[in-house]
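Chains W and H supply the protein sequences, listed in that same order.
In terms of my numbering, the first sequence has 49 at position 12, counting the first letter as 1, and numbering is strictly consecutive.
In terms of my numbering, the second sequence has 75 at position 72, counting the first letter as 1, and numbering is strictly consecutive.
Note that CB positions come from ideal geometry on N, CA and C, so glycine has one too.
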Amino acid sequence: SQQGEEDPQALSIQEGENATMNCSYKTSINNLQWYRQNSGRGLVHLILIRSNEREKHSGRLRVTLDTSKKSSSLLITASRAADTASYFCATDARLKSGGSNYKLTFGKGTLLTVNP
Amino acid sequence: SAVISQKPSRDICQRGTSLTIQCQVDSQVTMMFWYRQQPGQSLTLIATANQGSEATYESGFVIDKFPISRPNLTFSTLTVSNLSPEDSSIYLCSVEIRMIPYEQYFGPGTRLTVT
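Set out below in structure tokens:
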């Protein structure tokens, strides 16, 4: 089943406003990560939150995780035109107990447009 | 982190031909991954490549269509064989950084268009 479903699919805001994107997933996870992709290029890792963490900050980014609801949110404060990109959440699950084998499953992404 | 490069950055190929994509990392990594991103879609894992062993393919992807090489700890190739227009996608490689917690870092991607 699909992990990491983001909503909204698209979000358009004005520069200076805050942007909130949500992600839901279906099975237990070890970590949840957020990535940014500019216009069909490579992904940039933004932030990782562990399953035992509830909130994490990095600069203008704030990520929350609610494992009881299997959901996460990414908040970008004081948005800039350069924040225009697609944002993906990705969940991981270990394939072998105690091993390093795991895979990431990506959601469909939120296309954020920040208008100057 | 790691610096990852991919070649080519983009290509236009005719159906029935093949394209080999190279992924180079500036440090030794154990795990490398290949993803496909179809137009307007999210990323789908094709396979996981460990150095010195056969790649592990995800459901829906087979070695005959997507052969992978992993000759050393800094390099991997993905070949997309017998191309059809449905193979038009962005192909990305990523690497696992072996620290806790595990993170993946991505190359810039290869945009393939099949005509």
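message: On the DSSP bridge list, what partners appear for residue 14 of chain H?
response: H:115
field: Chain-ordered neighbours of residue 106 of chain H on chain W, where CB pairs are closer than 9 Å
entry: 68, 70, 82 and 85
field: C-alpha gap between residue 9 of chain H and residue 52 of chain H, whole angstroms
entry: 16 Å
message: At 3 residues or longer, what runs of the beta strand (DSSP E) sit wholly inside the stretch 19–92 of chain H?
response: 22–28, 34–40, 46–53, 71–75 and 78–83
- request: Using three-state DSSP, classify residue 118 of chain W as helix, strand or coil.
  value: helix
query: Would a check of beta-carbon distances place residue 116 of chain H closer than 8 Å to chain W?
result: no
- prompt: Ordered along the chain, which non-local residues of its own chain (more than five positions away) have a Cβ less than 6 Å from that of residue 25 of chain H?
  reply: 10 and 80
message: Between which residues of its own chain and residue 59 of chain H is the CB-CB distance below 7 Å, once the five residues before and five after are set aside?
response: 50 and 51
- prompt: By the criterion of Cβ-Cβ separation under 8 Å, what are the contact partners of residue 145 of chain W in chain H?
  reply: 44 and 45
query: Quick one: what's got a C-beta closer than 7 Å to residue 61 of chain W's C-beta in the same chain, skipping five residues either side?
result: 42, 107 and 108
message: Tell me the residue span of the beta strand (DSSP E) that contains residue 113 of chain W.
response: 108–113
- prompt: Alpha carbon to alpha carbon, how far is residue 117 of chain W from residue 123 of chain W?
  reply: 14 Å
Buried/exposed call for residue 41 of chain H, threshold 16 Cβ in 10 Å: exposed
- request: Given a cut-off of 8 Å, decide if residue 84 of chain W and residue 71 of chain W are closer than it, judged by their beta-carbon atoms.
  value: yes
query: Given that a residue counts as buried once 16 or more other Cβ atoms are within 10 Å of its Cβ, and exposed if not, what is residue 74 of chain W?
result: buried
Residues that residue 48 of chain H contacts on chain W, provided the C-beta gap is smaller than 8 Å: 140, 141 and 142
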